[in-house]
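Chains as they are written, first to last, in this note's numbering: chain B, 1 to 479; chain X, 1001 to 1285.
Note that the Cβ used here is the ideal one computed from N, Cα and C, for glycine as well.
Here is the structure we will look at, set down as structure tokens.
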């Protein structure tokens, strides 16, 4: 149920719930304390008003001045207090329990015995006659009323009568309602402020999660490299989740690249094995056939001229086959001497006649300072092949750069050109024989370079982007 | 209403004298006039206006002196401590040898008024004071004709003893407060000046509505303006002319309108003859 609801709604909803619960929790004690305060107010007020009236009534009762007594009990003493607490009904009893005067003469007619004016009055009359000395607060006679009695004493402490003040407890209800209203208003104001904040907060939580789940859905449909997810800043759980997801995608990307690399090198290895096998199979009969032609040329005598021409034709064809097969059958001869700085500079000399008059800017960098234990013939072959390809790739006034950099454990040969870049398809099949991507030649140069690098336990990499194509060969240095 | 009414009278009663609002700077002795609280909403403001008017007309300072009861005002006048007073016909008749009749208000065209017996509006049976035996009864003032002498005469004629006929009686010291007491249910009946009740009925119908006039008496002389016996003749004549002349003066007419009176007139002593008869009947005169 709840898990079907977005955090956008859940967060403001739970904030609202917390505020409402807080308000509900706060209201009862507030109402209770309001009630208590009202009760105390009422009692305090009744006590002070009772004493005032009782003192004021003394002469009126002594001189039996009914009008003066009436004026006293109908005077609005302490007006602000009475506006808060309500006007009490005031009854003055004589010493015999009869009403002397009351603020409401219709309800309490003068001279009537209080005991005859209804059950509550009878109870009240009973209490007053039994306990007349001292002020008395009566709260349990009627749940709707708070009643206070104060004796009227003469100067010699003789009792002249009793003042009874009767307050309606409606004020309790009004005050409770007022308290509830205040709590409701402050709750509403708090909600008004916090709900939009909760909405924003919910969005802050939900948005990255939604983007993340969209990115995860993408992973199943497109290659991981195409998945784009901007992880939120910070260190909270959501930011961590985003970062973890991104590193997972990076891992997938690496794995994918590795897989392709492995596939490519396996394919090339298979092609290499096949090519070598075929070349060996061809080389053996080829050698026999060329030997036979050679024998024939040495021992001929008087054969017709067309036989000579045929033999010559056969010999040229077979020689061409041997050249091709020889080129395919790359075999590194590890016995060649160690590589010297001079070997590298020789390649430059070899290259220059092969530029075909094309004007090319050649940046040359040879960091080799002393002989290195790597086979010099193969390294020279590799560098020459890469340079010939680069010169072939650039346009007139193009730029080719070559860098040979040794380190502790490796020798790096790097050749760059600014010619037309290679597309994905070309890059995938770059090191296969007879690739028709080159402008001239059979397309065996890179095949040979790859074979040589592989046989020397090195690696070859090609990177191409518009205006910059780089081949890097890394060869281990024998320790 | 009841409480506001009380406050007003309390204020008025507590106010013994008024200083002249626009008093002349001359040091001529001021003319003092005694009164008891009247029925108006704002006695203080009314008396101040009247004071200003009289000062302008008399060209001498005037001071109103208010007392709670007719007796206090009468006694001040008899002691020559007041120059003039607006008192009831009853004390005037009683002391007419020692004071001089100055002018009598004209009410509904005559220098006469009635006494009313009023009961709470819930009481629809009573139509005579004789129906109120054993009840609580409110009188306005022991020196009031309409608020004491008339009801006691009525009871005397009915052969009742006023001291035992009612269960309890009390004085409110003001006609309006008799109306308050009866309206509130403090008293089950009361005697009131008919002119006061009628005027209250115009200004405060919500109060008079709570009472019902159960009986209207015959007409008696309206409470008069009197002077101390030794007031100089010129001052007497001037004050009389000013009072009688009020109805011809726009400002004076306005003040009379507030009092609900037509004016003042010089009336013969004989308008108070019926009050004297009642007094003699009750062995008071």
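Looking at the structure shown, is residue i part of a helix, part of a strand, or coil, going by DSSP?
{"i": "residue 104 of chain B", "result": "coil"}
{"i": "residue 51 of chain B", "result": "helix"}
{"i": "residue 476 of chain B", "result": "strand"}
{"i": "residue 1005 of chain X", "result": "Per-residue confidence for residue 1005 of chain X stands at a pLDDT of 36, beneath the threshold of 50, marking its modelled position as unreliable; no derived number is given."}
{"i": "residue 223 of chain B", "result": "coil"}
{"i": "residue 1237 of chain X", "result": "helix"}
{"i": "residue 1126 of chain X", "result": "coil"}
{"i": "residue 391 of chain B", "result": "helix"}
{"i": "residue 6 of chain B", "result": "coil"}
{"i": "residue 462 of chain B", "result": "strand"}
{"i": "residue 444 of chain B", "result": "coil"}
{"i": "residue 158 of chain B", "result": "coil"}
{"i": "residue 141 of chain B", "result": "coil"}
{"i": "residue 468 of chain B", "result": "strand"}
{"i": "residue 165 of chain B", "result": "strand"}
{"i": "residue 1063 of chain X", "result": "strand"}
{"i": "residue 1266 of chain X", "result": "coil"}
{"i": "residue 399 of chain B", "result": "strand"}
{"i": "residue 1170 of chain X", "result": "strand"}
{"i": "residue 312 of chain B", "result": "helix"}
{"i": "residue 1134 of chain X", "result": "coil"}
{"i": "residue 65 of chain B", "result": "coil"}
{"i": "residue 1032 of chain X", "result": "strand"}
{"i": "residue 94 of chain B", "result": "strand"}
{"i": "residue 1246 of chain X", "result": "helix"}
{"i": "residue 319 of chain B", "result": "helix"}
{"i": "residue 28 of chain B", "result": "helix"}
{"i": "residue 304 of chain B", "result": "coil"}
{"i": "residue 405 of chain B", "result": "strand"}
{"i": "residue 75 of chain B", "result": "coil"}
{"i": "residue 456 of chain B", "result": "coil"}
{"i": "residue 1284 of chain X", "result": "coil"}
{"i": "residue 1082 of chain X", "result": "coil"}
{"i": "residue 481 of chain B", "result": "Examination of residue 481 of chain B is not possible in this model, given that chain B is present from 1 through 479 alone."}
{"i": "residue 383 of chain B", "result": "helix"}
Kindly examine the ligand FMN and report whether one of its heavy atoms sits closer than 8 Å to the Cβ of residue i.
{"i": "residue 203 of chain B", "result": "Ligands displayed in this structure: none; no statement on the ligand FMN is therefore possible."}
Output the boundary residues of the alpha helix (DSSP H) element that contains residue i.
{"i": "residue 265 of chain B", "result": "237 to 299"}
{"i": "residue 1280 of chain X", "result": "1273 to 1281"}
{"i": "residue 412 of chain B", "result": "Residue 412 of chain B -> not in any alpha helix (DSSP H); beta strand (DSSP E) instead, spanning 410 to 417."}
{"i": "residue 1051 of chain X", "result": "1043 to 1058"}
{"i": "residue 1151 of chain X", "result": "1150 to 1157"}
{"i": "residue 1259 of chain X", "result": "1250 to 1259"}
{"i": "residue 121 of chain B", "result": "119 to 130"}
{"i": "residue 1163 of chain X", "result": "1162 to 1165"}
{"i": "residue 424 of chain B", "result": "424 to 428"}
{"i": "residue 1074 of chain X", "result": "1070 to 1078"}
In the DSSP assignment, the beta strand (DSSP E) including residue i goes from what residue to what residue?
{"i": "residue 944 of chain X", "result": "Given a span of 1001 to 1285 for chain X in the structure shown, any question on residue 944 of chain X remains unanswerable."}
{"i": "residue 1120 of chain X", "result": "1115 to 1120"}
What runs of the beta strand (DSSP E), each 3 residues or longer, lie entirely inside the region 326 to 380 of chain B? 360 to 366 and 372 to 375
Could you please tell me which residues of the region 81 to 103 of chain B, in chain order, have their CB closer than 8 Å to any CB of chain C? Looking at the structure shown, chain C is missing, and the protein chains on hand are B and X.
Quick one: which unbroken alpha helix (DSSP H) runs of 4-plus residues sit fully inside the region 1084 to 1110 of chain X? Chain order, please. 1089 to 1094
Which residue spans inside the region 1172 to 1234 of chain X form an unbroken alpha helix (DSSP H) run of at least 4? 1175 to 1184, 1194 to 1203 and 1205 to 1208
Positions along the region 1124 to 1141 of chain X whose CB lies within less than 8 Å of some CB in chain B: Correct list: 1136 and 1138.
Output, in sequence order along the chain, the residues in the region 1170 to 1181 of chain X whose CB is closer than 8 Å to any CB in chain B. 1170, 1171, 1172, 1173, 1177 and 1181
Taking a Cβ distance cut-off of 7 Å, strictly less, list which residues of the region 110 to 127 of chain B are near chain X, in chain order. For chain X, the residues of the region 110 to 127 of chain B that bring a beta carbon within less than 7 Å of one of its beta carbons are 110 and 111, in chain order.
Along the region 1183 to 1205 of chain X, where does the CB come closer than 9 Å to a CB of chain B? Name the residues. So the list reads 1184, 1185, 1186, 1187 and 1188, given in the order they occur along the chain.
Below 7 Å between beta carbons is the criterion; list the residues of the region 1150 to 1169 of chain X that meet it against any residue of chain B, in chain order. 1167 and 1168
If you scan the region 182 to 211 of chain B from start to end, which runs of the alpha helix (DSSP H) of 4 or more residues do you find wholly inside it? none
Is the region 150 to 159 of chain B touching the region 168 to 186 of chain B in the sense that three or more CB pairs, one from each, lie closer than 8 Å? no
Pair every Cβ in the region 1077 to 1090 of chain X with every Cβ in the region 1130 to 1139 of chain X, then say whether three or more of these pairs are closer than 8 Å. no
Any contact between the region 355 to 362 of chain B and the region 392 to 412 of chain B? By contact I mean 3 or more CB pairs, one from each, below 8 Å. yes
Would you call the region 86 to 96 of chain B in contact with the region 1182 to 1200 of chain X, where contact means no fewer than 3 C-beta pairs closer than 8 Å? no
Counting pairs of beta carbons, one from the region 1116 to 1130 of chain X and one from the region 1235 to 1251 of chain X, are three or more of them closer than 8 Å? no
Quick check: the region 54 to 71 of chain B against the region 1180 to 1192 of chain X, are at least 3 beta-carbon pairs closer than 8 Å? yes
Could you tell me whether the region 198 to 217 of chain B touches the region 182 to 190 of chain B, using the rule of 3 or more Cβ pairs below 8 Å? They do not touch, by the three-pair rule.
Does the region 130 to 145 of chain B touch the region 25 to 38 of chain B, meaning 3 or more C-beta pairs lie closer than 8 Å? no
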